[in-house]
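Note sheet for the following structure.
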Amino acid sequence: MQDIPIYEFTLLGWIALLPLLGAIFNGILGARLPRALVSTVAAGAMGVAFILSIVAVWTLFQGRFEGADGHTLYGALYHNVFTWFEVGSLRVDFELLLDPLSAVMILIITGVGFLIHVYSIGYMEGDRSWWRFFTYLNFFVFAMLMLVLGDNLVVLFLGWEGVGVASYLLIGFWYEDDEKASAGKKAFIVNRVGDFAVLLALFLLVIYAGSLSVVELREWASTLSPAQVTALGGVLTAICILLFIGCTGKSAQIPLFVWLPDAMAGPTPVSALIHAATMVTAGVYLIARLNFLFVLSPTAMTLIAVIGGLTAFFAATIGVVQNDIKKVLAYSTVSQLGFMFLAVGVGSFFAGVFHLMTHAFFKALLFLGAGSVIHGMHHEQDIRRMGGLKDYMPITRWTFLVGCLAIAGFPLFSGFFSKDEILWYTLANVHLLGGVNLSWFLWFLALGTAFLTAFYMFRLYFLTFEGECRADEKTRSHIHESPLAMTLPLVVLAVLAGFGGFVGIPPVLGNALGGLPNVMHDWLYQVIGPGEAFFAYRFEGYGMAWMSMAAATASGIGGIALAWLFYGKPSDVPGAMAEKAAAVHRILSNKYYVDEFYAATVGRGVTLLGRVCHRLVDELLIDTLLVNGTARLMGFLGSVLRVVQNGQVQRYVAFVFLGIAIILYLVLR
Amino acid sequence: MSSLITPIDIASTLPFIVLCLFGMVVLLLEVFQRQGQSRSYLAYVSAVGFATAAFSAWLLMGVEGQLVFHDMNYIDGFSKVTALLMCTAGAVTCLIAPRYLAELNADRGEFYALILFSAGGMIMMVSAADFIVFFMALELMSIAVYALAAYVRSSRVAAEAGFKYFLMGAFASAIMLYGIALVYGATGTTNLAAIGQLLSYGAASGSVDPALLLSKVSEQGALAGAAGYDTTTGDLLMLNYGSGTANMPLLYLGITLVIVSAVFKVGAVPFHMWLPDAYSGAPSPVGAFMASAVKAAAFASLLRLLALAFFDYELRMGPMGWVQVTFFLALLSMAIGNLVAIAQTSVKRMLAYSSIAHTGYMLVAITAMGYGVGDLDLGASVVFYLFAYVFGTVGAFGILAYLTRSRYYVERFSDLNGLGYRYPALGVAMTLFMLSSAGIPPTAGFIAKFQVFKAAVIAYGAGVEAGEPGALLLLALVVSGILFSVVGVYYYLKVIVHLYMRDPVREVTASDSGPARVGISVCAIATLVIGLFPGPLLNLSEQAMSQMEGRHDGVYVQYEDGAPIEDLQRLMREGSR
Amino acid sequence: MIDYVAILMLGLVGVAMCATVVALSVLFGPRNPSRWKGTAYESGSEPFGDARIRLDVKYYMIAISFIMFDVEAVFLLPWAVVAKDYGAYGFVVAMVFVTILVVGLVYEWQKGGLEWD
Amino acid sequence: MLSLPLSWYLMLSATLFVMGALGLLLRRNAIVAFMCVEVMLNAVNLTFIAFSKYHQDYTGQVFVFMVIAVAAAEAGIGLAMIVNMFRHKHSVQVDEATLLRH
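Residue numbers (this note's numbering), protein chains in the order written: chain A, 246 to 914; chain B, 677 to 1253; chain C, 756 to 872; chain D, -12 to 89.
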């Protein structure tokens, strides 16, 4: 493919710098400044960064031209801050690069980030160390921008570590609670396990590609002849799988997904920004960024697809049995991330990034809505003690509903388009090592996931907003709609979640509607085109595409219907107000009856499966064995080994002798 | 007369001379000042001394590498760069010391004199070209540090630490001496480069005509000492070069003993047991000095020894080579250091064990350097690591010293609780040092670890190409290294957690001492700046390695026909396969 | 054989002289015994009791400074042997060496390392 | 003038060295343990002189001078250390110095 023109663009530096400046300012002075100023600085920095990003992307868009293969190309903007270090052949530039892919990312990061900053002003009101919160938040955005803008993988790794640190600090934000502090620690350490794999991959790239700059790596990969590819096959697969291990840590996939549910210990805006919209998608971004590398290793691609599919399904089953409003969303995030990895695994990097974007919209919306609910219910998170909130907080309710429809893939809502794309490519791809059978398997898995997603999301919705309020008197008397600072972002996000999907109309629909273009795909083509061109897809014509879409829609609506069946029954009978006792009784019996029915049918299987996954995989295997187990083992070993040091010099001397003896045996044997 | 001391001799040892002069001046100032007056100004005097020494070392940068003092000493890039390192460490130590000493009413001038003398010893040691000078300098360094360890007379712990450190140190130097004696016996010279040449001749001659070889040997002026032996006395299987070094048990015993005692000084497992006691028992500034300057000097001299004397292929990779030794030592050090550090409750002891772990990482690079065809330039990563490590360590110990008040030592983790908010700058600095030690970007430690592991991976690649045995083991070493550094994050994080996420258990008020603040901030800034702009320092450490005089891999011996020593080594390698 | 006669004679003469001296003192010497004269002479200190008496720390101090300055002879002796050949140059070098020693001595002196009490 | 073969000297010095090392390992009295280190140093001196004679090369003997000086210095510092420790715990038993451990 032809090489891409690159233009110097100094503004990029400022986009990344502004949040950092905000963080430094608040970090040093924040404690002594009035709250208003702190929040203004923090949110202001984000706002300006967002505007600058729009300018930058617009500039990129202006630079478009007709590519050799008839597609529109946009080139890239770069800004070389400085040369970080240069060792022999390896030269690491601290260089920021803006191409269509990173453009999408920075728009999401700064845009959604800005909204969430505004939201936080309302949500964090009255928190003791408010300045600390905004410092961390700004620092996180800076690190995230480093991650997506860095042209060199070492810079990317810097951001990769930075977001880890920021998320650690923010999860443990309310560190007075030991459980929350340790949740932060868990997240950080699990992520480090993934990071070491990434480091190894970088080393291997240094050896075999001789560079870590994405641009140069791309050239290197494009110049590889098939013979070389087969020769390097093992190494390439190793690199890709190592990178993917890093992604499973950062993006919470099997087996390292365990930290994300615990991460809900952090403030809700944090969960929205870091653990739904941006940081956790870093893995998907990395793979899309290096698609030219991954397509060279079908093994890795297959692995990614399978892991993604499994994660999506199992996380969904776990989500079904959660009762904490944030836990449900957490598991649904894991599940949706699984979807994205499924997408990139089957070679449709576009679908992955597209779903990344729509997910950023509706999941941020859902988290913020949940936050608004928690705010209104005075930090009640158990959905069994909610219900009927639609009367108390209408805005939250409607926006939340939009979010639910979007994630459930209800037609013409954003989630519908992206999810359909993923399902279609899963079905149509032919390059997975498992062959067509694997494709079908993954397709059904994804279909089931779509169904479950719709089900538990609307279970959540009905239990929270519909029906009678099950909160106690005291709480109920205080329930209120959230302030404007919180509802405004909700509305904006609701609009995005509602209509955001139309930028990526799938060909099948576009064709039917008279050649509507898939804007998103054309925009991203420059980055992911070559990768996608690598694969062929079966099914000429649109027949199967319609089938897939119909199936997806059906499963989504089916899930909604089932949830309504179980939880949406109109339990708010008019007479309820009259005789409360009877009403309460009826409600109770209703619930009881529903649960009976639920348990008697599909519910039991799903519940069981969910429970098993949760207990077995999550708690036992990961929590106990991998994380705590390892930590304990290390601590235990340490405390055993230190006993050897009994303080007697002569034992030290003895050890020296022992060492010398062993070495001499090694040497002179 | 030929043996006169030339100006270049004096000039090239200027840093050493400056330090010793300042040391003596400080001593005299101390004794001629009335009792009871504050001695803290001596800190500035000795800081100036270090600055002067560093400056003179920097002035010498122009001088091209050469042998001085009758082949006793090198003036080369390596010695200069390491001298800069020692001077920095010493200066910062002197800055963090005075208030601490005053708090423990141990405010006496000997402290600074001893620091100066010991730093002089280090500089001499890393520039030594001969075992005699090497040994003298080593002792000059060690003896001064023994005294420093027990410096605070009122402290039982310090007395015990000093005694243990001394006993183990003396033991180690006896072992090293015995090793040197055996090597001297095998080669007939104590000149490092000459030993290197002779040993590779000896190894090489397995496939080359001994007679020819002997004529070559006796040609070497530096090797006049070796010309005296006769091949007929076969009563010891040491000097018959005709059959290679492979059958020189005493020689190998000697080499092993020398390397072991050098490794002892850097505190690698299982020769590490003195280290935690010494570091944690000694007063914090001394701990800083021992953990930074002394360890750096030990590593630098280890590099020098291996590169000059023991870098022959047979000695490295042969069935009795030292690479396998460093391999196991590195693995053990990383494992034990990191694991035991987790179980510590005292920050000082945690730092001590973590420095053992750092030793392990650096030994990984040394193993890589010696592996396969052997690439001495990979040693640059060690030099760079030393810089990063020194700043982090001195800074951390310095903060402990900064927080220590009379009759209240800050040593346990719980003592740091909540200090991050109480002293923001201090908290940030400590966080930086911990992140750097954990190897998290954008601090110096990350680049350092990156360099070290990269060196190992490169050596692995080269080894695979050359078809060396067990290249995969090297990769395994890297993997385990990175894994253990992941483990390490745990206890470094613990410090940050205590700084920011625990509520204070008791009132800790820092002794706000100006010089200490300066020293700590220098370290903090250096840690960050090196992390962000490592370029210059990387080049400097590359220089240090590439400009090391008498490196064994260089072409320093020519035959009449001009064939370099490499031919011999290659022949010998093929012979040994 | 005859050579050994001389040695024999020498021995005999020696024995004879000792005997003569003792005999003379017994014959003419004055006699007034006291218990102090009866005690053994052991350089002033009491020869009885445990041989492993605990020595005063001061002894160690003196021992330390003695060793320090004693050993320097090791370096000055070879220099003295060749001092002629090296002339002024050698003298200067040796003086540098000695000066350093003197600094050490001054330090110890001022610190009071040389006083017994 | 009969000359012993080099190996005899080496045997002797090696024996001395090992004896010193074992003493350091086994004797509880700090002063004795320290004297054992001195024994090791002198064993090394013997080795040096033997080799120096074997090579007809004086480097070894020069080295011995240095070693003697260093040994003296170490004797000084060592005695000081022991005295210092004695001041604190009124015993010079090596195995009683276990304040620092684990």
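Positions of the beta carbon are idealized from the N, C-alpha and C atoms, including for glycine.
This structure is a prediction, so every number in the text was calculated from the model and none was measured.
Check	Outcome
Touching by the beta-carbon criterion (3+ pairs, under 8 Å), the stretch 760 to 767 of chain B and the stretch 788 to 803 of chain B	yes
Neighbour-count burial assignment, C:C773, 16 or more Cβ in a 10 Å radius	exposed
Touch test, the stretch 747 to 762 of chain A against the stretch 374 to 391 of chain A, Cβ-Cβ under 8 Å, three pairs minimum	no
Stretch pair the stretch 1062 to 1081 of chain B + the stretch 1191 to 1203 of chain B: three plus CB contacts closer than 8 Å	yes
B:S1313 vs B:V724 beta-carbon contact at 8 Å	Because chain B is modelled from 677 through 1253, residue 1313 of chain B falls outside the range shown and cannot be assessed.
Among C:A843, C:I762, C:L765, C:Y815, the one whose alpha carbon lies nearest that of D:R74	C:Y815
Inter-residue spacing [alpha-carbon to alpha-carbon] between A:Y910 and A:L903	11 Å
First through last residue of the alpha helix (DSSP H) which encompasses B:V744	Here B:V744 belongs to no alpha helix (DSSP H); instead the beta strand (DSSP E) covers 742 to 744.
Own chain residues within Cβ distance below 6 Å of A:L611, not counting five before or after	L574, G648
CA-to-CA distance, A:P506 to A:D314, given in whole angstroms	45 Å
Cutoff 8 Å: B:V707 Cβ touching any chain C Cβ	yes
Proximity test, Cβ basis, 8 Å: A:G904 and chain D	no
Chain C within 8 Å of D:G47, Cβ atoms only	no
Bridge partner(s) assigned by DSSP for A:E331	A:R336
Members of the stretch 820 to 841 of chain C near chain B, C-beta cut-off 8 Å	Y841
For A:N397: DSSP bridge partner residues	A:S458
Interface flag, B:F1129 vs chain A, CB-CB below 8 Å	yes
Cβ distance (whole Å) where A:G813 is taken to contact A:E711 below 8 Å	6 Å
Rounded C-alpha distance that separates B:F708 from B:A782	17 Å
Other residues of its chain near A:R642: CB distance less than 8 Å, five sequence neighbours each side excluded	L634, K635, F710
Beta-carbon proximity check, A:N383 vs A:A276, cutoff 8 Å	no
Residues sharing a beta bridge with B:R829, DSSP	B:R829 pairs with nothing; no bridge assigned.
Nearest to A:F270 (by Cα), restricted to the options A:A808, A:F448, A:L256, A:V286	A:V286
Near-chain C residues of the stretch 690 to 703 of chain B (beta-carbon distance less than 7 Å), N- to C-terminal order	M700, L703
Meets three-Cβ-pair contact criterion under 8 Å: the stretch 582 to 600 of chain A and the stretch 551 to 558 of chain A	yes
8 Å Cβ cutoff met for A:L360 and A:A301	no
Any C-beta of chain B under 8 Å from that of C:V858	yes
Closest residue to B:I1044 among B:F793, B:L853, B:L1149 (Cα-Cα distance)	It is Ala, not Ile, that sits at residue 1044 of chain B in the sequence shown. Looking at the Cα atoms, B:L1149 is the closest of the given residues.
Cutoff 7 Å; reference C:E863; Cβ partners in own chain excluding five residues on either side	S820, L869
Check whether A:L738 and A:L613 have beta carbons under 8 Å apart	yes
Burial state of B:R980 (16 or more Cβ within 10 Å)	buried
Supposed contact pair A:T578 and A:Y368 - C-beta distance, whole angstroms, cut 8 Å	Contact flag wrong, Cβ pair sits at about 19 Å.
Below-8 Å beta-carbon distance, A:G892 vs any chain D residue	yes
Among A:E666, A:F606, A:L683, A:F306, the one whose alpha carbon lies nearest that of A:W791	A:E666
Backbone secondary structure at A:V326 - three-state DSSP	strand
Cβ neighbours of A:Y530 in the same chain (closer than 8 Å, five flanking residues each side left out)	L346, M350, L392, V393, V598, L601
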